[in-house]
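Undergrad: Okay, here's the structure, questions in a sec.
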Amino acid sequence: MAYGLLNGKRGIISGALNEQSIAWKVALKAKEEGAIFTLTNAPIAMRMGEINKLAEQCDAQIIPADATSTEDMDKLFTQSQEVLGGKIDFVLHSIGMSPNIRKGRAYTDLNYEWFKQSLDVSAMSLHKMLQVAYKQDAMAEWGSVVALTYMAAQRTFPFYTDMAEAKAMLESVARSFGYHYGKFRKVRVNTVSQSPTVTTAGSGIGGFDKFYNFADKIAPLGNASADQCADYCLTLFSDFTRMVTMQNLFHDGGFVSTGVSQEVMEGL
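Numbering-wise (my numbering), the sequence shown opens with residue 4 and increments by one.
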């Protein structure tokens, strides 16, 4: 059921790879709620995914852009405003990648050049995105930027390796830039810390299946799905959350606040 939450709003949605992606779900729901938007991803990710199919479903234009390139980000915001006919009301940052995880390097044996790539792609890209938008004055007043994160920024999960540092940096950028953008144009910047979710990125992490089941048993509401995460993101894009900014918002069924569940205790 649609509520018209985003009627008349213009946006940019990054990171939709395939139907499992949270960004993919956000795009479908944003379209249903009345938004128009552009889709973007790095050219290499586009070759791996199915973004053309999503663009057709949403009647959205694709603007290829490498989030680590300020030139590409400049093009993304310029072209998006031209295509959509005005300033941007919402942005989804759903970008993350760790070469160390992909190539099986242990946290105690990181390749530091790959580590820099993890930070650049997964966290610094948010700063570049925001800085370009700020300098262009591309965001409408009371606009909203949401970046997807994970609790490993606050707690230790051995399998998450250098992505934990990347997510911690991502959340810090959201707080710091959220202050400046709030003063400048009342644009709010938040991160959503989602449950373990069955996506291409999540499933590529070693031990994911076991931890997914563990988290589901800990959280009193169970793991939040990608569809439910998309619903939450849309509320943050809407006018109902105008005074929410610089927050890391947990969307995890209560996992973050639960020490141990009865179900886990009984299984020990």
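We treat Cβ as the ideally placed atom computed from N, Cα and C, and that holds for glycine.
Between the Cα of A143 and those of K220, A218, S97, F93, spot the shortest distance and give me the residue it belongs to.
TA: F93
Undergrad: Please state whether DSSP places Q139 in a helix, a strand or coil.
TA: helix
Undergrad: What's the C-alpha gap between W27 and A19?
TA: 5 angstroms
Undergrad: For the alpha helix (DSSP H) holding F243, just list the boundary residues, first then last.
TA: Per DSSP, F243 belongs to no alpha helix (DSSP H) and is neither H nor E.
Undergrad: Going along the chain, which residues of its own chain have a beta-carbon closer than 6 angstroms to the beta-carbon of L299, five neighbours each way excluded?
TA: Because the chain in this structure spans residues 4 to 271, residue 299 falls outside the shown range and cannot be described.
Undergrad: Can you check which of these residues, S24, N103, L133, is closest to F73 by C-alpha distance?
TA: Per the sequence shown, the amino acid found at residue 73 is Thr instead of Phe. Residue L133 is the option with its Cα nearest to T73.
Undergrad: Secondary structure at V195, three-state DSSP: helix, strand or coil?
TA: strand
Undergrad: Throw me the rounded Cβ distance for the I39 and R13 pair, which I believe falls under 8 angstroms.
TA: 6 angstroms
Undergrad: Since I believe Q64 is in contact with T81 (beta carbons under 8 angstroms), could you give me their beta-carbon distance rounded to a whole number of angstroms?
TA: So it is not a contact: roughly 13 angstroms between Cβ atoms.
Undergrad: Does the segment 179-191 come into contact with the segment 214-227, if we say contact requires no fewer than three beta-carbon pairs (one atom in each stretch) closer than 8 angstroms?
TA: With a cut-off of 8 angstroms, the segment 214-227 and the segment 179-191 do not count as touching, because too few Cβ pairs lie within range.
Undergrad: Suppose contacts are defined by Cβ-Cβ distances below 8 angstroms. Is F258 in contact with A218 by that definition?
TA: A contact, by the Cβ cut-off of 8 angstroms.
Undergrad: Does the distance from the C-beta atom of G146 to that of I98 stay below 8 angstroms?
TA: no
Undergrad: I'd like the ranges of any beta strand (DSSP E) spanning at least 3 consecutive residues and lying wholly in the segment 80-134.
TA: Unbroken beta strand (DSSP E) runs of no fewer than 3 residues, entirely contained in the segment 80-134, are found at 91-96, following chain order.
Undergrad: Which of helix, strand or coil does DSSP assign to I47?
TA: helix
Undergrad: Could you give the distance in angstroms between the alpha-carbon of T200 and the alpha-carbon of A141?
TA: 32 angstroms
Undergrad: Which residues in the same chain as S121 place their Cβ atom closer than 6 angstroms to its Cβ, once the five residues preceding and following it in sequence are excluded?
TA: S101, D165, A169
Undergrad: Please report the distance separating the alpha-carbon of Q265 from that of I66.
TA: 48 angstroms
Undergrad: Consult DSSP for F162 and reduce its assignment to one of helix, strand or coil.
TA: helix
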